[in-house]
Every structure is written in structure tokens, then in C-alpha cells.
Amino acid sequence: MKSKPVAKQKETQKEEKLLKEADKKIETGLKVFESEAFSKLTTRASIEEPLKLQVFDQETIQEMAEFMANEILPAMNAFGKRQSQYMNLMMTLNMETPARNARQCISEIERRREALREAETRLKKLLLKFKQLRKEYERLKEEPLKEGEDEEERNLKIWKLQVMLEDTYKKIVDQRLYIEGAMKHIHCFSEAYKEIVKNAGMENWDEEDFERAEHEFHVKRAFTQAMRDFRNHGCV
């Protein structure tokens, strides 16, 4: 009968042999995935000059850049919102009574005011981030290398900060468009509100006036719905 230490040793040797065989199989299998042929199947990084644009040359890019700067960006300043003021008024202020339209104006102004507040907060955060990045960037540029510090690692940090600064600056510039868009909405509905109140003689209206006007609104809405049902289905 074999002693326990000998049996244990043989079992260990058997496990080591199996592990070596498994390592060999894995190594053989990895050669397929590490081959140049397999790389061409799975990524474009294997082609010559992988970062070179395949469709656009420098002349076309310059032409597109000039068109963007001279035509598209100025045109975007005329929008900065999803819909025109006309569409906003036609689609939103279509209630049966002036009181309801006035209330709708107030509701829309409140929504845009909240959007403006959020955009303002985002802008302030971006400005704060830009100043912090700028301070760190200037510190690394001017501060001499410390003992044992790798120069290449320092340059990579500076480069990373440059990229982050550029990205943050672009977001700051774009944020202005969203802020102005929200302000346009507020101005549009404010002017509409003034016009509604003036034409309906509602200069000093309050909640009590609105509740009285609700009766008129629901009667008119019922007639509108009845006419719509009659046209569509031939009955009310």
C-alpha cells in the first residue's frame, strides 16, 4: 500500500501536468487572435494610416469649416430652440378662453424659467471647472520637475489638461445658445400674455376670476368636442 505523501506528490504532479497542457493550449489559441490576419478582421487599426480620413481631404474640410463659420453658426443664433415662436403660440395657446390661454402662458414661462436656471447652473459649473483646469495646467507648465518625476508622464498630464480645457471651453460657448433659446421662449410667452390680458381686459385678474372663467371654458370645450365628434362619427 502506497504511503500518503507519495500519493499526494503524484497527484500534485498530475495537476501540474494538466495545468502546463492547458497553458500550452491557451498559448496556441492566442496566436490565432494575435495574428495580423485576425486583427484585420476585427479592427481598422491594422490598416495603413488608420487615423487618416478616407473620404475628406484638407480642401474639403476647409470648405466645410468656412461654411459652418459663415452660414450655419450665425443661422443657429436665430433658433436655439426646438420650435419657432409661431409654432409655440399656435400649438400651445389654442384654448377656448383668454383666461385659459393666459394660464398656459404662465405655465410655459415657468417651464422655460426652470430650464434657464438649469442652464445657468451648468454654465457656472463649466466656468468653475475651466478655471480649476487652467490653474492646474499653468502650475504643471511652470513648476520644475521633482526629483524622480518622469518628464514624459508630466507632458502627458499637461496634454490631458489641454484636451479637457478645450472640451470645457467648447461646452461653455455652446451653453450660451441654450440660455438664449430659453430666454427667447420666456420673451415670446411674456409678450403673448401681455396681449391676451390687454385684449380680454384682464389686467387685474386673480384666482377668483380664473375660477369663474373656468365655467365658460368647459362649456365651450364641450361644444368643440361635440362638433369634432359629429364631423368624425356623425353623432355626438
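Mapping of the sequence shown onto the numbering used here: position 94 corresponds to residue 230, and the numbering continues sequentially without gaps. Glycine residues also receive a C-beta, built at the ideal position from the N, C-alpha and C atoms. Quick caveat, the model's predicted, so the values are computed rather than measured.
Within its chain, find whatever has a CB closer than 8 Å to the CB of residue i; leave out the 5 residues flanking it on each side and keep chain order.
i, result
"Leu301", "Phe266, Leu269, Arg270 and Tyr273"
Three-state secondary structure (DSSP) at residue i?
i, result
"Glu302", "helix"
"Asn206", "helix"
"Gly337", "coil"
"Ser171", "coil"
"Leu281", "coil"
"Asp159", "helix"
"Asp286", "coil"
Roughly how many angstroms separate the alpha carbons of residue i and residue j, rounded to a whole number?
i, j, result
"Arg249", "Ser326", "11 Å"
"Ile245", "Arg367", "35 Å"
"Lys195", "Ala201", "Looking at the sequence provided, one finds Glu at residue 195 rather than Lys. Cα-Cα distance, rounded: 10 Å."
"Lys156", "Ile162", "10 Å"
"Lys307", "Leu313", "10 Å"
"Lys282", "Trp295", "18 Å"
"Glu287", "Glu279", "12 Å"
"Glu151", "Gln145", "10 Å"
"Met137", "Ala158", "Here Met137 scores only 49 on pLDDT, less than 50, and its place in the model is too uncertain to base an answer on."
"Thr148", "Ala173", "39 Å"
"Leu177", "Thr164", "19 Å"
"Cys324", "Glu199", "36 Å"
Exposed or buried, which one is residue i when buried takes at least 16 other CB atoms within 10 Å?
i, result
"His321", "buried"
"Leu297", "buried"
"Thr304", "buried"
"Ala205", "exposed"
"Leu264", "exposed"
"Leu154", "exposed"
Can you give me the Cβ contacts of residue i inside the same chain, cut-off strictly under 7 Å, excluding the 5 residues immediately before and after it?
i, result
"Lys293", "Leu276"
"Arg258", "Gln311"
"Arg290", "Leu276 and Leu281"
"Ser171", "none"
By Cβ distance, which residues of its chain are closer than 6 Å to residue i, with the 5 residues on each side in sequence left out?
i, result
"Leu252", "Ala318"
"Lys260", "none"
"Ile315", "Ala255"
With three or more beta-carbon pairs closer than 8 Å as the criterion, would you say the segment 236-243 touches the segment 326-341?
yes
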